[in-house]
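Below, the structure is given as C-alpha cells:
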C-alpha cells in the first residue's frame with residue numbers, strides 16, 4: 115500500500131520482537147546489527163589476547179609510537195593513596211618559597227622585638243632617651259608645682275597673721 119507524498123513519523127513504525135522470535139532468530143531486527151555485535155565481541159577478545167601476549171612477551175614489536183614512548187602522559191599527576199601505616203612521621207615536608215619567606219619574616223620580627231625589649235636596637239635607644247627627657251621634664255614640672263603650692267600656702271599663712 116502506498117504512503118503517498120508524505121511518510122509517517124518513524125516513532126509510529128516500531129516493531130518489537132517477542133522472546134520466541136529472538137530465540138528462533140527470526141526477529142525483524144536488522145541482520146547487520148548481529149554482525150556488528152559479533153565483530154565488536156571479536157575485537158574485544160583480540161584486544162584481551164593482545165594484552166595478555168604483550169605481558170608475556172616484552173620483546174614483541176609494538177605498533178606506532180608505543181615502542182618509542184615508554185611512559186604515559188608525564189604531565190598527568192597520579193593520586194597517591196597512602197595508608198596510615200606507610201606514612202613516615204619522621205620525614206619533614208619541604209616548604210614552598212612563599213611559606214619559607216613568611217617564616218623567615220616572622221622569625222626576624224620576633225628577633226627584632228626581643229632586641230627592642232632589651233634596648234639594643236637604634237630605635238629602642240632613641241625611645242629610651244626620649245622617655246628619660248620626658249621623665250626629667252615631668253619631675254621639674256612637679257617640683258615647680260610643689261614650690262608654687264608651698265608659696266601659696268605661705269602667703270595664706272602670712273595674710274592670716
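Residue numbers (the working numbering): 115 to 275. Ideal Cβ positions, reconstructed from N, Cα and C, are used throughout, including at glycine. What you are looking at is a predicted structure, and each value in this text was computed from that prediction instead of being measured.
DSSP-derived helix/strand/coil call for residue i
i: residue 241; result: helix
i: residue 198; result: coil
i: residue 170; result: Bear in mind that a pLDDT of 47 at residue 170, under 50, signals an unreliable position, so the model cannot answer this.
i: residue 152; result: helix
i: residue 256; result: helix
Host alpha helix (DSSP H) of residue i (start-end)
i: residue 134; result: 133 to 138
i: residue 229; result: 211 to 232
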